[in-house]
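Counted the way UniProt numbering counts, the sequence shown spans residues 1 to 164.
The block underneath contains the structure these notes are about, expressed in structure tokens.
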Amino acid sequence: MELSEVHAGQAGNLRWTVTAGAVTDGFATFLTVYGPDNAVLSSTGSVAGEPSPESPLEVSWSRADGTPLFVIARTVPDVERVVAVTTGDEQIELSLSPVVAPFRARFGVAALPSGCSLTRTIALPQNTVVRERWASSRADLQGESRPHAPGSAQTCGWHPWPPS
Numbered sequence: 001m002e003l004s005e006v007h008a009g010q011a012g013n014l015r016w017t018v019t020a021g022a023v024t025d026g027f028a029t030f031l032t033v034y035g036p037d038n039a040v041l042s043s044t045g046s047v048a049g050e051p052s053p054e055s056p057l058e059v060s061w062s063r064a065d066g067t068p069l070f071v072i073a074r075t076v077p078d079v080e081r082v083v084a085v086t087t088g089d090e091q092i093e094l095s096l097s098p099v100v101a102p103f104r105a106r107f108g109v110a111a112l113p114s115g116c117s118l119t120r121t122i123a124l125p126q127n128t129v130v131r132e133r134w135a136s137s138r139a140d141l142q143g144e145s146r147p148h149a150p151g152s153a154q155t156c157g158w159h160p161w162p163p164s
């Protein structure tokens, strides 16, 4: 498996990188979080199919000891913004990469504020909401690391936006 760095940034005194690449079972996306001394604090990944109009947003999240909850997203190219919504209804915009041509995708990351948990993520192409993904279990709300696949009934669901 050959991975390429597709996005990088900082959250406070932590540095993070996103690497991605094709694998036998689909497409892998990994987030690595580094401490102030450049030591790896956490590394997490997920494997899913390529983003498509039917599945424009793939989301996973992870929290390691001593790090905030990180939300990681992979989107179709026309998504211009991804917003994570916390249990307190705070909206946190993910840092979104430019379109990564070889993968026909964009990659996003946000570190949620201390004490916040994720309830849903929203993808917005040209300021229009496409889909909303809700966390569906207590483990999800507490920030336990869990990758998500579109349509996976055990972990998440797709809901049209706005809700009816």
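No residue lacks a Cβ here, since even glycine has one placed at the ideal position from N, Cα and C.
**Prompt:** Going by the C-beta, is Ile-72 closer than 8 Å to any heavy atom of the ligand MG?
**Reply:** No copy of the ligand MG occurs in the structure displayed, which carries no ligand at all.
**Prompt:** Between Arg-104 and the rest of its own chain, which residues show a CB-CB distance below 8 Å, the 5 nearest in sequence each way excluded?
**Reply:** Position 104 of the sequence shown, counted from the start, is the residue given in the question as residue 104. The residues are Glu-50, Pro-51, Val-76 and Pro-77.
**Asked** Can you list, in chain order, the residues of its chain whose CB lies under 6 Å from that of Phe-30, leaving out five sequence neighbours each side?
**Response** Taking the sequence shown and counting its residues from 1, one reaches residue 30 at position 30. Within the same chain, Phe-30 has close Cβ partners Thr-19 and Gly-45.
**Asked** Cα-Cα, which of Gln-91, Ala-111 and Ala-101 is closest to Thr-121?
**Response** Walking along the sequence shown from the start, residue 121 turns up at place 121. Nearest neighbour of Thr-121 by Cα position, chosen from Gln-91, Ala-111 and Ala-101, turns out to be Gln-91.
**Asked** For Ala-48, which three-state DSSP category applies?
**Response** Residue numbering aside, residue 48 sits at position 48 when the sequence shown is read from its first letter. The answer is strand: DSSP assigns Ala-48 an E or B state.
**Prompt:** Do you know offhand how far Glu-5's Cα is from Arg-74's?
**Reply:** On the sequence shown, position 5 is the one that residue 5 refers to. On the sequence shown, position 74 is the one that residue 74 refers to. Roughly 13 Å between the two C-alpha positions.
**Request:** Identify every residue that forms a DSSP beta bridge with Ala-84.
**Result:** Taking the sequence shown and counting its residues from 1, the one referred to as residue 84 is at position 84. Looking at the DSSP output, Ala-84 sits in a beta bridge with Ile-92 and Thr-121.
**Message:** Going by DSSP, what residue range makes up the beta strand (DSSP E) through Thr-75?
**Reply:** Along the sequence shown, one-based indexing puts residue 75 at 75. That run of the beta strand (DSSP E) goes 70 to 75.
**Asked** What are the partner residues of Arg-15, as DSSP defines its beta bridges?
**Response** Taking the sequence shown and counting its residues from 1, the one referred to as residue 15 is at position 15. Answer is Gln-10 and Tyr-34, bridged to Arg-15.
**Message:** Check this for me: beta carbons of Arg-106 and Val-85, under 9 Å apart or not?
**Reply:** On the sequence shown, residue 106 is found 106 positions in, with the first residue counted as 1. On the sequence shown, residue 85 is found 85 positions in, with the first residue counted as 1. Contact flag unset, no.
**Message:** Give me the residue from Ala-110, Gly-21 and Gly-35 with the minimum Cα distance to Val-100.
**Reply:** Taking the sequence shown and counting its residues from 1, the one referred to as residue 100 is at position 100. When only C-alpha atoms are compared, the closest one is Gly-21.
**Prompt:** What is the DSSP secondary structure of Glu-110, counted as helix, strand or coil?
**Reply:** One-based indexing of the sequence shown puts residue 110 at position 110. The sequence shown places Ala at residue 110, rather than the Glu named in the question. If DSSP states are grouped into helix, strand and coil, Ala-110 belongs with the strands.
**Message:** So the candidates are Ser-55, Pro-53, Leu-3 and Ser-95; which of them puts its Cα closest to the Cα of Ala-111?
**Reply:** Here residue 111 corresponds to residue number 111 of the sequence shown, with the count starting at 1. Comparing Cα-Cα distances from Ala-111 to each of Ser-55, Pro-53, Leu-3 and Ser-95, the minimum goes to Ser-95.
**Request:** Specify the secondary structure class of Pro-98 as computed by DSSP and reduced to three states.
**Result:** In the sequence shown, residue 98 corresponds to position 98, counting from 1. Three-state DSSP puts Pro-98 in coil, outside helix and strand.
**Message:** I need the straight-line Cα distance from Pro-53 to Ser-62, nearest angstrom please.
**Reply:** Here residue 53 refers to the residue found at position 53 of the sequence shown. Here residue 62 refers to the residue found at position 62 of the sequence shown. Straight-line Cα distance between these residues: approximately 26 Å.
**Asked** Are Gly-108 and Ser-97 close, meaning C-beta to C-beta below 9 Å?
**Response** Numbered from its first residue, the sequence shown carries residue 108 at position 108. Numbered from its first residue, the sequence shown carries residue 97 at position 97. Yes, Cβ-Cβ distance for Gly-108 and Ser-97 is below 9 Å.
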